[in-house]
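Residue numbers (this note's numbering), protein chains in the order written: chain R, 1 to 238; chain L, 1 to 238; chain S, 1 to 238; chain E, 1 to 238; chain U, 1 to 238; chain C, 1 to 238.
What follows is the structure in structure tokens.
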């Protein structure tokens, strides 16, 4: 049994507060255990240069942590004047994950900004960010309302971490588990069970193929439950 | 009457959630109407160079807004690689305001970081930040517990804005009022009614001395009510 | 009596050299005691984005100190790659102070740059900068000459510091006084005696309302004399 | 058949020039088709703060492209003043991949810098960098020679890309293939066939589990051949 | 005799590999002894603002060293976020040297980027860069082909260093010589023997006029041989 | 005859105001015609890392222009967050020029900062900076007073520009001449007539050897007169 009483394949308690903020078109507070992330989706009337003339829109993700979100205070990236490598990596992951299910072909040359700000970090902030941001995105797109068009989001997307800790495969690692994990994997999947991203890393020693398979299976289980929660909140995608 | 039904000398509804975060020594979520700020206080084991060898501690403030905190999304300062002038100004104000009532002479060469992160901005974010940060600071200092010593905070500190809108003096401006204000003033005062900071600015046209006096009086009223709330939450300062 | 023989309500010797520089439209060297600031006003043919299409002009202030202007050499902000918080604060103050008496409605979408470069710093550099910059601004606007139009500057503007040192209220603090001041206030006023900015800070301990009133009165006296000097140099505003 | 005549599961021609540079302890030029990367390994006498007092060493990777390495010239990151997200991501991948097989426990508090500079980029630069850097690393560690100790590198490490292009699984994508890929995966594995990193991304549309399995199998084949080449060059790891 | 057996007025072995890279319009690897520089020339469809409306093109140089190019690893300027003074100086020198013989009057408002990346640094990197870049530039301009026009390059340009070491005048210093040089001079000359740049620096003690004359003579000799090599590779300039 | 009535080999009127500033150990305002530069010399108690343990001091130069120093306002480098290439180049030149005559072997591990701030720029700012900075340096070193030691400055140093304008060799170019110059050269020489720096650049077309010789002769003449002025102000170097 895990420190918080969960079984190996169990998610932490998940809670999503829809429309957590007043101004953005879509927003959500997602909590997975003690991890809390504010996600929002806003439209800005400009698109990256490579879309000039295509009429297509873009979606981009940003991610940050409050300095006091972690056990040891982390300095503000705005004061250091640079965004660190970890932040960059997560921002790119968030953007790719949501773009994989979204068709912004008819959106006009505009950009959807997905902002994920971690209020409290107890492991799994990037995966929580993706799961929560999906809710904000769908709400935004519904409010932007595009008449008779097909709804531009093809499927649910959520994400979960899975790892090997003391030789055992655990789903949805908290910070203490993550720090001791031998293998760490983040999986982003659709409601239909297809992969969007698979990122597995041997933190301590390389892992064999069967371990990889078992982790993928555990992740798929978790994704199924997160999809269920998203569907409960959002209903069908239209 | 004001758009939200308040009288000219009335504060918006104020709500302070103590210990809003899990990790920092002290924290609070403060809401004044739709303005919401997460404040936290953390100790770090290093002090600025000019305190080397004095045994004294330091207190410093940082302030930021989530991109989606405002009606129009504001770009992240970490991505621009620079902290803007407005942010700098507010950070310095927060630091000075709390230092004015705090004696860190026996604190050791450590730094208290006050982080104020605006989740939602509807005017008066810097004054809300000061009022909320005071709660986080007192909680931190109590937990750092310094035995038989005198408690290092001498008095309550809170802050409020006051302005002239359409010729009328209004307390605690929301964003819509602030945008139209002819004069804008931020006042930081102690529980005992002494001034810590007075910053008044003619946004449109210079103002006469009696206007200044009337604004100061209105601010003092508001401060009295904020002190009351702080006292309710924190009890006596010891 | 003060170290330099002045009474408490007396300004240091003030000297303004008009047209100190060859190239800018307006310029002045202002000396208040040992504080020396070069102020200049230049027009650039572009305005900030928020004025696009309004036909209005803008005025912005910049402030810097030579490294050798202070008793201890201060590193160059250009080499640190960032403008510090104090500089930002002063730049914003200079801009607001001059904009408060200037109507750039008919100026076209152009920007007036006010540059204040401190050659020698012995306290009160920001207030000297405002007083000197006003002279540069008026000269620039006269040379830009706008025929039968109303002259765009409505009133004189100058600034002075006032503080409490060893319990006594002193006008126009030099650096040694400023370092020991319990309260420090900068006041920007018009020739007509209206307030443009009031910024008072308790450096050591909060101050009571009567102290604030006495400081404001002392400042108003000083402003009167600075206005007199500006009028002597510039004549009537037209 | 692919544009360059390869079969779907075939690597491009690989060529590794050992000791390509004069100064670093280890270096290699690796060419995979038209992709050319200079890899080097150097020791610097300082380690990151978190290793202070442990006697352990660290290994870190850096990655850059010459501006003229790509079909369209890419601006220099040194002039933009920032390292982009893609670079950050690759640097972290290189570091993790080599650390996974290296035990720097007895290395002393020093840092091995792995520099991977892409001279010419025709797809697969990050995987070529890892494969080539491994050669530079082993040469460096041999020259640093640690007497009777166990050789600190436990196994060979190499990397390869695999993707889905027009529905077909292709190994070792060149740039043209990579641009059209529906799924893109980078796999880092040991000589013993264990995973170090698996990073799969749905570039266009999410992919099903059997596709993932087939890609992993193709990658393992490629890794086998790269390990063979490394072994040929380096001999046994000791 | 010098450490490597050369006479005082002898160049190191020079080798130029034309078209070293696949993508840029012109490129060359130049080796002078152990100094190795990759030079490339690429056209980009934009010109600096001051050429707007002139129809003229621009040429600009960039210079960098791989971290492992030097005996002691040098940190990457992209990570430091700034280009150092030495780099700036060399970049400007490269640009000026090539512009001095090139007439981009009919080139259109485009920019030729000359990239010089030092793979290995054993003294004389900036002069090698100029000599090699000239080859890349000519190849680029020939491929950009401008029909019946006069070829836009008027003369060959190359560069060489010369210095005083232990009182003796030496041509083409390697790093060991350069470190001990009392005087260090870089000379850029045309095939016709005219000066483009002369930069002489007293590293230790000022030098007399006859020393200057003797250095200029030695440099001219070296330039003659480099011109010969360029002519051999490129043929006549047309 | 030149626009301002000078002969080709004549300097502009030179004026040096010694001890122009109150705080630094040495300072001077130098004016050459309309070019005006404030130079100062200050000691700071730290030296660059490469002098650790040597007991030697260092000297470094910094250079900047006020935004309003030029006919067209130039943006502040502190706001751009970077020092440009031209500034870097000049800073390095100032430092090298003064170090060439100064022996800081017995100075202790301290740094002399030479700050050259251009108040007004009408050509020749870098050469004026060197000539003026020399005065500030000598005054600083005298005040730092090192008992019976040999005075650490071996000879006077000054600098002057020379160029070819409309085919004629002119000494000490003003801005208008400099803009039209075909060849531009800066020469730094000692009082004893030895070269410290020679930097000649073909701005338009390469120049022949006799032109170089004639420019060097003209420069030597100018240096002679500047040395005379420095000697008049400073007396013998001791």
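Here a beta-carbon is modelled for each residue, glycine too, at the ideal position from N, C-alpha and C.
Item: Exposure label - residue 197 of chain U; buried when at least 16 CB within 10 Å; Value: buried
Item: For residue 85 of chain R and residue 74 of chain E, the rounded distance between their alpha carbons; Value: 20 Å
Item: Validate contact between the stretch 132 to 148 of chain L and the stretch 45 to 58 of chain L using beta carbons, cut 8 Å, 3 pairs; Value: no
Item: C-beta neighbour in chain L for residue 175 of chain R, strict 8 Å; Value: no
Item: CB contact check: residue 70 of chain L to chain R, cutoff 8 Å; Value: yes
Item: Residue 139 of chain S to residue 152 of chain S span [Cα, whole Å]; Value: 12 Å
Item: Within chain L, the residues that residue 28 of chain R reaches when beta carbons sit closer than 7 Å; Value: Neighbours of residue 28 of chain R on chain L: none; closest Cβ ~11 Å, over 7 Å.
Item: Close beta carbons around residue 169 of chain S, own chain, < 7 Å, minus the five adjacent residues each side; Value: 8, 162, 214, 215 and 218
Item: Cβ-based neighbour list, residue 10 of chain C, same chain, cut-off 7 Å, excluding 5 preceding and 5 following; Value: 171
Item: Coarse secondary structure for residue 171 of chain S, derived from DSSP in three states; Value: strand
Item: Nearest-angstrom Cα separation, counted from residue 209 of chain L out to residue 173 of chain L; Value: 21 Å
Item: Pair within 8 Å by beta-carbon distance, residue 16 of chain E and residue 59 of chain E; Value: no
Item: Residue 197 of chain E: first and last residue of the uninterrupted beta strand (DSSP E) it sits in; Value: 195 to 202
Item: Proximity test, Cβ basis, 8 Å: residue 230 of chain E and chain U; Value: no
Item: Listed by chain order, chain R residues near residue 83 of chain L by CB distance under 9 Å; Value: 76, 78, 79 and 81
Item: For residue 78 of chain C and residue 179 of chain C, the rounded distance between their alpha carbons; Value: 26 Å
Item: Through-space distance from residue 142 of chain R to residue 147 of chain U, alpha-carbon basis; Value: Unreliable positioning characterises residue 147 of chain U in this predicted model, as indicated by a pLDDT of 49, which lies under 50. The coordinate reading is nonetheless provided below. Their Cα atoms are separated by approximately 58 Å.
Item: Spatial distance of residue 230 of chain L from residue 123 of chain L (CA atoms); Value: 21 Å
Item: Contact under 8 Å by Cβ, residue 236 of chain U with residue 191 of chain U; Value: no
Item: Coarse secondary structure for residue 54 of chain U, derived from DSSP in three states; Value: coil
Item: C-beta atoms of residue 69 of chain U and residue 119 of chain U nearer than 8 Å; Value: yes
Item: Test: residue 197 of chain E CB closer than 8 Å to a CB of chain U; Value: no
Item: Rounded straight-line distance, which links the Cα of residue 111 of chain R to that of residue 91 of chain C; Value: 44 Å
Item: Enclosing beta strand (DSSP E) for residue 205 of chain L [first to last residue]; Value: That residue, residue 205 of chain L, is in no beta strand (DSSP E); it is neither H nor E in DSSP.
Item: Contact set between the stretch 206 to 224 of chain E and chain R, restricted to residues whose Cβ is under 9 Å from the partner; Value: 206, 207, 208, 209, 211, 212, 213, 216 and 220
Item: Positions along the stretch 92 to 115 of chain L whose CB lies within less than 7 Å of some CB in chain R; Value: 113 and 115
Item: CB contact below 8 Å: residue 89 of chain E versus chain U; Value: no
Item: Partners in chain E for residue 56 of chain U, counting only beta-carbon separations shorter than 7 Å; Value: Ordered by position in chain E, no residue passes the 7 Å Cβ test against residue 56 of chain U, which lies about 20 Å from the chain.
Item: Cα-Cα separation, residue 136 of chain U to residue 83 of chain U; Value: 24 Å
Item: Distance between residue 205 of chain E and residue 181 of chain E (C-alpha atoms, nearest Å); Value: 10 Å
Item: Pair within 8 Å by beta-carbon distance, residue 33 of chain L and residue 62 of chain L; Value: no
Item: Minimum Cβ-Cβ distance from residue 194 of chain R to chain E less than 8 Å; Value: yes
Item: Member of S/106, S/103 and S/94 whose CA lies at the smallest distance from the CA of residue 116 of chain S; Value: S/94
Item: Chain C contact for residue 179 of chain S (CB, 8 Å cutoff); Value: no
Item: CB of residue 160 of chain U within 8 Å of CB of residue 97 of chain U, strictly; Value: no
Item: Outcome for residue 105 of chain S when other beta-carbon atoms lying within 10 angstroms are tallied against a minimum of 16; Value: exposed
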